[in-house]
Amino acid sequence: MEESLSSEVYETPIDWPLLTYISTGITLGCLVLSVLLNLSSLCAIWGNQRLRKYGYFHLLILFCEVHMAYFVVKSLLSVHLSLEKLGALSQNWIKTWTPVIRLLPDVTTCLLGTSLLLLIAMTLDCTFSNSIRSKPIIKCLRTFLPFVALIIGIMVFLIVLVAKFNMLFDSVFKFSAVFTIILVHGLYMVVFVLFPAVFIVIFGTINWVSDLNSNRFLKEPRRRSRKLDHQICVLSIPVILLFLVATIIRFSHDLQIYQSEELSEITQLVLYSVLLALDVSFVFYPLLFMCQLGGYCCCLEKPN
Numbered sequence: 003m004e005e006s007l008s009s010e011v012y013e014t015p016i017d018w019p020l021l022t023y024i025s026t027g028i029t030l031g032c033l034v035l036s037v038l039l040n041l042s043s044l045c046a047i048w049g050n051q052r053l054r055k056y057g058y059f060h061l062l063i064l065f066c067e068v069h070m071a072y073f074v075v076k077s078l079l080s081v082h083l084s085l086e087k088l089g090a091l092s093q094n095w096i097k098t099w100t101p102v103i104r105l106l107p108d109v110t111t112c113l114l115g116t117s118l119l120l121l122i123a124m125t126l127d128c129t130f131s132n133s134i135r136s137k138p139i140i141k142c143l144r145t146f147l148p149f150v151a152l153i154i155g156i157m158v159f160l161i162v163l164v165a166k167f168n169m170l171f172d173s174v175f176k177f178s179a180v181f182t183i184i185l186v187h188g189l190y191m192v193v194f195v196l197f198p199a200v201f202i203v204i205f206g207t208i209n210w211v212s213d214l215n216s217n218r219f220l221k222e223p224r225r226r227s228r229k230l231d232h233q234i235c236v237l238s239i240p241v242i243l244l245f246l247v248a249t250i251i252r253f254s255h256d257l258q259i260y261q262s263e264e265l266s267e268i269t270q271l272v273l274y275s276v277l278l279a280l281d282v283s284f285v286f287y288p289l290l291f292m293c294q295l296g297g298y299c300c301c302l303e304k305p306n
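Okay, structure coming up:
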């Protein structure tokens, strides 16, 4: 009896078009929330002189822009997949835009990873502002750190582009399929998962403990940045873990290590769930920023 039930479970096909439509709806909802919440945070920063002058919030502005770009690209990919499932796309359109569509998953991964690298810059900004008193050095670091984060994100994407399409040095380096998969996912795990896990979580915890043991008076913008840093540290833990799980599942699926079709479909279903959970948890960053900055701006006393 149990064997027949288990066979029925595995023989039941997964309704992939329905899952695609659901994920597209959730992604579009995340896009709307991302745009509204990030624009609210940007308006709060640019509308307040004290926040606008403090360099930490310049990094936050850059993060908000990359955050919105991530959901724009992710929404384009989801809408394209839904239209393809519906059969609403012509064959000429599919042939013309297939190379671009193949790049969109890597674009979204690099945008998400770049966002985490910018969070590293924000965390290190709090660390250095606690230990370095020289304002010129702090200003240089606030310019250097986000620049490095953006350059790393762009370089990773270019390496992935070259490895996947053999666009460069094809006569000298011929990448095998297995080597390409290992290179791409290895870069993602080291640069976009390991680095944020080390810097955001560890340095964020150090900043938190340092602030708890400090009695020094801080001005309001700096104190607000400390609160954001503590909350970013906590929120980044599930985001990084979900990103790691999604990368591992994609890695195993690209290597085709699953012997049965049922197991492959189950892992794809798990990947769908993890990616949706990742998108939902990623939306909490601008929600956190809006709550902190909006509350700060609304509570300010208006000058006489």
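Heads up, the sequence shown is in my numbering, so the first residue is 3 and it goes up one at a time.
All residues carry an ideal CB built from backbone N, CA and C; glycine is no exception.
- Proximity of the stretch 119-133 to the stretch 148-157 meets the contact definition, three or more beta-carbon pairs being nearer than 8 Å.
- Counted as a single uninterrupted DSSP element, the alpha helix (DSSP H) harbouring D127 occupies residues Q93 to S133.
- For I16, the secondary structure class from DSSP, reduced to helix, strand or coil, is coil.
- If you check the CB distance, C112 and F181 do not come in under 8 Å.
- Its Cα nearest to that of I242, the residue Y287 stands out among I103, Y287 and K137.
- Less than 8 Å divides the Cβ of N209 from the Cβ of N132.
- In the DSSP assignment, S84 falls within the alpha helix (DSSP H) that extends over Y58 to L88.
- A check of alpha carbon separations from Y56 across R144, N40 and Y23 identifies R144 as the nearest.
- In the DSSP annotation of this structure, the continuous segment of the alpha helix (DSSP H) that includes F167 starts and ends at K137 to F167.
- Here V285 really is in contact with S36; their C-beta atoms are around 6 Å apart, less than 8 Å.
- Distance from the Cα of L30 is smallest, within the candidate group E67, L20 and V75, for V75.
- DSSP places G49 outside both helix and strand once states are collapsed to three, so it counts as coil.
- Considering only W18, L290 and F65, the residue with the shortest C-alpha distance to E86 is W18.
- Taking the Cα of G296 as reference, the smallest distance to any Cα among C32, I47, L33 and T22 is reached at I47.
- Rounded to whole angstroms, the separation of the alpha carbons of R226 and L62 is 12 Å.
- Here I259 carries a coil assignment [DSSP, helix/strand/coil].
- Counting only the Cα atoms, Y23 lies some 6 Å from S84.
- Distance from the CA of I134 to the CA of I259, rounded to the nearest whole angstrom, comes to 50 Å.
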